[in-house]
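Q: Just dropping this structure here.
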Amino acid sequence: PQALVLSSAEAVQRRGVKVQTIRVEECQASRAEDKDAILRKISDFHEFDTRMHAAIFGQAGLLQQALDGATEASWLGNIARRALLRRISRQVSGITRPRAATCPT
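All residue numbers for the sequence shown refer to this note's numbering, where the first residue is 548 and numbers rise by one.
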C-alpha cells in the first residue's frame with residue numbers, strides 16, 4: 548500500500564506544478580547505479596509517467612485521499628475549538644450544564 552502525508556492543502560498548492568510535472572527519467576537516487584537499475588526496468592517512460600500521475604492525482608489517487616484526511620482533520624479541529632469556546636463562555640457567564648443522572652449499580 549502507498550500513502551501520502553501532507554501538512555496542508557497549502558503545501559500541495561505551493562508544490563503543485565512541480566509535482567504535476569514529475570517524470571521518472573528525472574528521478575534521483577543516492578547512487579547512480581540505483582537510478583540506472585530503476586530506469587532499466589521501465590520499458591515505456593511516458594506510460595509509466597501517465598500511470599504514476601493517475602496514482603497521485605486521479606479521482607482515487609493518493610493526493611485525493613490525503614486531502615480528504617487533511618480536510619477531515621481541519622473539520623475536527625474546528626469542532627474541538629468551538630466546543631472549547633462554548634465551554635469557556637459558559638464558565639465565564641456562570642452557566643452550568645446539568646449533569647446526567649446515574650443509576651446505582
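Glycine is no exception: its CB is placed at the ideal position from the N, C-alpha and C atoms.
On the DSSP letters alone, give me the boundaries of the alpha helix (DSSP H) that Thr597 sits inside.
A: On the sequence shown, residue 597 is found 50 positions in, with the first residue counted as 1. Unbroken alpha helix (DSSP H) run through Thr597: 592 to 604.
Q: Let me make sure I understand the geometry here. Which of Ser577, Glu572, Leu623 has the alpha-carbon closest to that of Ser590?
A: For the purposes of this step, residue 590 is taken as the residue at position 43 of the sequence shown. Residue Glu572 is the option with its Cα nearest to Ser590.
Q: Starting from the Cα of Asp596, find the closest Cα among Thr568, Ala630, Arg629, Ser636 and give me that residue.
A: Residue numbering aside, residue 596 sits at position 49 when the sequence shown is read from its first letter. Of the listed residues, the one whose Cα sits closest to Asp596 is Thr568.
Q: What number of angstroms, rounded off, separates the C-alpha of Ile635 from the C-alpha of Arg628?
A: Working through the sequence shown from its first residue, we reach residue 635 at position 88. Working through the sequence shown from its first residue, we reach residue 628 at position 81. Roughly 11 Å between the two C-alpha positions.
Q: Ends of the alpha helix (DSSP H) at Ala584?
A: Here residue 584 refers to the residue found at position 37 of the sequence shown. Its alpha helix (DSSP H) spans residues 579 to 587.
Q: In whole angstroms, what separates the C-alpha of Leu632 from that of Ser621?
A: As a working note, residue 632 is residue 85 in the sequence shown. As a working note, residue 621 is residue 74 in the sequence shown. Near 16 Å, if we compare the C-alpha coordinates of Ser621 and Leu632.
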